[in-house]
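Accompanying notes for the structure given below.
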Amino acid sequence: MILGVPAALWGLATLPFLILLYLLRVRRRDHPVSSVLLWQRSAPTLAAYRPSRRIERSVLLLLQLLAAAALVIGLARPALVAHVPAQGDLILVLDLSLSMRARDVSPTRFERARAEALDAVAHLRGGGRVALIDAGPRPQLLVPLTDDRERVAAALRALEPWDAAGDVAAAVVLAAEQPVGPGGRILVWTDAARGSLPALPEAAYRILGTSDDNVGITAFRAMRAPAGAEGLVRIDNFSARARRVPLEVTHDRSSVYRSDLDVPAGGARTAVFPITGSGVFSARITTHDMLPDDDVASTVLDPAPLPSVLLVSRGNPYLERLLGLLPVGRAAETASAAPAAWGGYGVVILDRVDAGPVPPGDYLLIDTVPPNLPATSTGEVRTPLFAAWDETDPILRFVNLTGVRVAKALALTPQGGRVLAGGDVPLLWAYEGGGIRAVLLGFALQDSDLPQHVAFPILVANALAWLGGGALDLAAGETLQVPAAGGSAAELTGPDGSRRTVRATEGMYLLPPFVRAGAYLLTTPAGVRAIAVRNPDPRAGMIRPGLVPVLPGAAAPHPERAALLTQVAVWPWVVSAALAALIGEWVLATRRRGGDA
Amino acid sequence: MTERATAGIRVERPLLLDPAFLQKLDTLSLLTRRRVRGAQRGERRSTARGRGLEFDDYRAYQPGDDYRYIDWHVVSRLDRLFVKMFSEEEDLDVFLMIDTSRSMAAGGPSKLLLAKQLAAAIGYIGLVNLDRVGVSAFASTIGPRLDRLRGRARAFDLLGFLSGLEPSGETDLTLAMRRQLAATRRRGLLVVLTDLLDPHGYERALLLARHRRFETYLIHILADEELVPAFAGDLRLVDAETGRAVEVTVDAEALRAYAEARDAFLHGVERFCFRHGVEYLRTTTTVPVETLVLRWLRQGGLLQ
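So the sequence lines, in the order shown, correspond to chains Y and S. Using this note's numbering, read the first sequence as starting at 555 and increasing by one per residue. Using this note's numbering, read the second sequence as starting at 2 and increasing by one per residue.
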């Protein structure tokens, strides 16, 4: 049994009012009597019998309540889902978009989809195989075609929607690539809320959802600005009616911003406000819509924009002075090239130090190339030039290398990573892999006038920020690898407070995909690091269900859908029952002497 | 069968009482528990001693006494003068008070019709026995009245008067009794025919009559539907006299509560009448008037 319009069940709340009206209403027939003297004298006795006895004895009220309840249930459009046993192979595709958490279908669109998918697996005829594809942000084949239905069912039960928009079209294409046998079909459960779906002959779509009523937080940032830290919240109204949305931003359970925003239908409003302090900030809007999951968002403002830094050098006044000025967590200097002494720092700067292979971690390398990095130095190059640099890269943001002269530099030959700046030879190179994240400057600061340029502090700050500074800002659905820096285990705390232990593998913490948006805390032996996970697609909150794609030349949705899942409308019978109850009440009331219809 | 109106005009109106029933009434007379003092000679022992036929007592002769009443046998035996005393047979003053308020229209036949029939029967018996019969209709005050009829020949006047009574007005028995007593100087038998459905109460009115030493006979007439209501449902009961309304859901529980109130009321009337020496007879409209007169009023001591 499913309900097409579950919100209609709120109408059941009118039943107590019906009883109240029954008690309060004045619908009495005038009846002349010779005197009311004795009736007045019996009134105190009669009072003892009202109103409970009256309710207990009223068949008419019972019929009225039954009629009203049946009418309300009928308006909720109940229907029975009948399953026709499927033949051949089945590929199940479930949309894991945020919009599938909408509650206009009871209990949610996704829960309904999962239940129907489990039913479809259970009703598959013998000989048929089943595969499962999740239509998340990056569709993947969770279970290849198999006869093991329990495995598919277990995978289905483990699925959860993401706080992101799923790529259903790509998932369907992926499903079409699977080697299904004759008569094989693709069953897709989605709300088709964003974009069109591919019309394939073998694909049957089950479109879930009835409402577009949703207002959500689509962006929440906390950032540091020259005038101080500030927060930014964007609210999108995806419904067709304007809404007034109360917004409250809290920090450490204290309110830091509160406002009522008038958001037009289909429009958005952005609030920018100053904030103080650092840590996790939470934003919440108070609305009554079909998707409450996007009514809450979190972000992180890291107390130190840049990580703790260990300078391994035989002496570098430029760097020493600069580290004293930059907002790093902490800074230290050592001449020891032993990696065992580098633990506990976010970034290690190797300044002209040949330390041999470096363990996994974040490194700023100056005029040195560890042997375990995919780059080699074939000698020196005299007076290389900064002929070009990638201004779009975050490491070179606001960095102008014009006029920087270099006396000599390493003749780098990188086999991976990306060259950020250079001319004939790479002068600035970045690498990420094998648990190592590194920025390599191919010349010594003493061999260049870079420290005299404004670009120098900006470049170092950007490099430190990229290597490990600030709060990590990720999109829901992304994965993250964090260098273990000698640690063996870390604890990941989710936005809902759940904790999960992550073991280091090959010197890296391989964090699981971030399904839910919000603020995560990664606690390692080196310290606590905040991770802000945001919803990457502002349209993920669109919940208006789309249409079933129509095959070219076809006039109606694909008939395969009806072949596997058939809805039998129940509401006509329920409404008929309501009418029957009303007629019965009317007949009883008109025939009953002294009736109270 | 028709009757003649008091104005002498013959009107087509059914008689209140059947002629055969009237013949039966000829043999009855009104009973009083004590002697009465009338204005004219009648067929009832009077407290006035003198010229009657029935010996009452002796007393010593006093100057001025009629010589004819000296008992010479006693004189010869006792050698003293004694005169014989006789009870003088005088007429009885009978006052009939009929409640004609709107509540008396209830019942089938109506309470008012039964009251008029009873009043006609009692009044007729009184007239036949040369009693003085007065009739007054009342609601909140005294309405039309007929005073001091005497003799069988006035029976048509009595019946005509009663036939013309119609229900109207609200009941105020106390006020009506006060005015009735103010208009009557002679004591006698007072028969009150009413349903006692008076929001002001009945006790004060009856006490006034007792205070004036009237021998009071209360005939309480009720309709069956007043004893056991024959309606149900959510009703707005409207008082026929006052227009006052009471909202009641009449079901088994309500009827039970009504029965309790009714019994309390009736028992209260009975106790009051017993305590204050008021003869009391309760009846309903479905009891035939002949049964009431020939059986219950005789057993009740009003008739013999």
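Note that CB positions come from ideal geometry on N, CA and C, so glycine has one too.
8 Å Cβ cutoff met for residue i and residue j
| i | j | result |
| --- | --- | --- |
| S:L159 | S:L150 | yes |
| S:I71 | S:L82 | yes |
| S:K112 | S:A224 | yes |
| Y:A685 | Y:L646 | yes |
| S:V193 | S:T217 | yes |
| Y:P828 | Y:A796 | no |
| Y:I1085 | Y:L1021 | no |
| Y:G900 | Y:V863 | yes |
| S:L304 | S:L32 | yes |
| S:T101 | S:A156 | no |
| S:L29 | S:I143 | no |
| Y:D921 | Y:F997 | yes |
| Y:V826 | Y:L786 | yes |
| Y:D1003 | Y:R959 | yes |
| Y:P928 | Y:P911 | no |
| Y:L1018 | Y:V810 | no |
Residue i - containing alpha helix (DSSP H), residue span
| i | result |
| --- | --- |
| S:T175 | 174-183 |
| Y:E874 | 871-879 |
| S:P20 | 20-26 |
| Y:V613 | 613-629 |
| Y:N1016 | 1009-1022 |
| Y:E704 | 703-712 |
| S:G124 | 112-129 |
| Y:E670 | 663-676 |
Exposed unless 16 or more other CB atoms sit within 10 angstroms - verdict on residue i
| i | result |
| --- | --- |
| S:G51 | Reliability fails at S:G51, whose pLDDT of 49 lies under 50, so the model's placement of it is uncertain and no value is given. |
| S:T284 | buried |
| S:V290 | buried |
| S:Y68 | exposed |
| Y:V803 | buried |
| Y:L879 | exposed |
| S:R103 | buried |
| S:A40 | For S:A40, the predicted structure reports a pLDDT of 47, less than 50, and the residue's modelled location is therefore unreliable. A value from the coordinates is still provided. So S:A40 counts as exposed. |
| Y:H1112 | With a pLDDT of 44 at Y:H1112, under the threshold of 50, the modelled position of this residue cannot be trusted, and the question is left open. |
| Y:T930 | exposed |
| Y:W593 | buried |
| Y:A794 | exposed |
| Y:A909 | buried |
| Y:M555 | exposed |
| Y:Q694 | exposed |
Terminal residues of the beta strand (DSSP E) in which residue i lies
| i | result |
| --- | --- |
| Y:Q694 | 694-700 |
| Y:S809 | 808-817 |
| Y:Y917 | 915-920 |
| S:Y281 | 280-285 |
| Y:L801 | 797-805 |
| Y:G833 | 833-839 |
State whether the region 684-699 of chain Y contacts the region 871-880 of chain Y, with contact taken as three or more CB pairs (one from each stretch) at a distance under 8 Å.
The region 684-699 of chain Y, when compared against the region 871-880 of chain Y, does not touch it at the 8 Å Cβ threshold.
The region 1131-1146 of chain Y: positions lying closer than 7 Å to chain S by Cβ:
Answer in chain order: no residues at all.
Looking at chain Y, which residues of the region 65-83 of chain S have a Cβ within less than 7 Å of any of its Cβ atoms?
Flagged: no residues at all.
May I ask you to verify whether the region 1029-1043 of chain Y touches the region 1076-1094 of chain Y, counting CB pairs closer than 8 Å and requiring at least 3?
Verdict: yes, contact present.
Can you confirm whether the region 615-630 of chain Y touches the region 228-236 of chain S when touching is taken to mean that 3 or more C-beta pairs between the two stretches lie within less than 8 Å?
Result no; under three Cβ-Cβ pairs closer than 8 Å.
Validate contact between the region 832-846 of chain Y and the region 755-773 of chain Y using beta carbons, cut 8 Å, 3 pairs
The region 832-846 of chain Y vs the region 755-773 of chain Y: in contact.
Count the CB pairs spanning the region 915-927 of chain Y and the region 979-993 of chain Y that are closer than 8 Å, and state whether there are at least three.
With a cut-off of 8 Å, the region 979-993 of chain Y and the region 915-927 of chain Y count as touching, because enough Cβ pairs lie within range.
Between the region 729-737 of chain Y and the region 1041-1061 of chain Y, can you find at least three pairs of beta-carbon atoms closer than 8 Å?
Taking one beta carbon from each stretch, the region 1041-1061 of chain Y and the region 729-737 of chain Y have fewer than 3 pairs nearer than 8 Å; the two do not touch.
Stretch pair the region 768-778 of chain Y + the region 850-868 of chain Y: three plus CB contacts closer than 8 Å:
Segments in contact, yes.
Check each residue of the region 618-633 of chain Y: if its Cβ is closer than 9 Å to any Cβ of chain S, include it; give the result in chain order.
Taking a C-beta cut-off of 9 Å against chain S, none of the residues of the region 618-633 of chain Y qualify.
Check whether the region 647-657 of chain Y touches the region 709-728 of chain Y, taking contact to mean three or more Cβ pairs, one atom from each stretch, closer than 8 Å.
In short, these stretches touch, since the Cβ pair count reaches three.
With contact counted as at least three CB pairs below 8 Å, one residue from each stretch, are the region 828-840 of chain Y and the region 751-758 of chain Y in contact?
Contact between the region 828-840 of chain Y and the region 751-758 of chain Y is absent: fewer than 3 CB-CB pairs across the two stretches fall below 8 Å.
Closer than 7 Å between beta carbons: that is the criterion. Which residues of the region 85-117 of chain S meet it against chain Y?
For the region 85-117 of chain S, the set of residues with a beta-carbon nearer than 7 Å to any beta-carbon of chain Y comprises S104, A107, in chain order.
Would the region 241-255 of chain S and the region 177-187 of chain S be scored as touching if the rule is three or more Cβ pairs under 8 Å?
With fewer than three CB-CB distances shorter than 8 Å, the region 241-255 of chain S does not count as touching the region 177-187 of chain S.
Can you pull out the residues from the region 570-589 of chain Y whose beta carbon lies closer than 8 Å to at least one beta carbon of chain S?
Listed in sequence order: V580, R581, R582, R583, D584, H585, P586, V587, S588, S589.
Three or more C-beta pairs below 8 Å linking the region 655-666 of chain Y and the region 699-708 of chain Y:
In this structure the region 655-666 of chain Y does not lie against the region 699-708 of chain Y, because fewer than three pairs of beta carbons, one per stretch, are closer than 8 Å.
Selection of the region 152-164 of chain S by Cβ proximity to chain Y, strictly under 8 Å
Of all residues in the region 152-164 of chain S, none is placed with a Cβ closer than 8 Å to any Cβ belonging to chain Y.
If the cut-off is 7 Å on Cβ atoms, which residues from the region 256-269 of chain S count as contacting chain Y, listed in chain order?
Interface annotation for the region 256-269 of chain S against chain Y: A258, Y259, E261, A262, R263, F266, criterion Cβ-Cβ distance under 7 Å.
Per the contact definition of three or more C-beta pairs closer than 8 Å, is the region 562-577 of chain Y in contact with the region 197-210 of chain S?
Output reads no: the region 562-577 of chain Y does not touch the region 197-210 of chain S.
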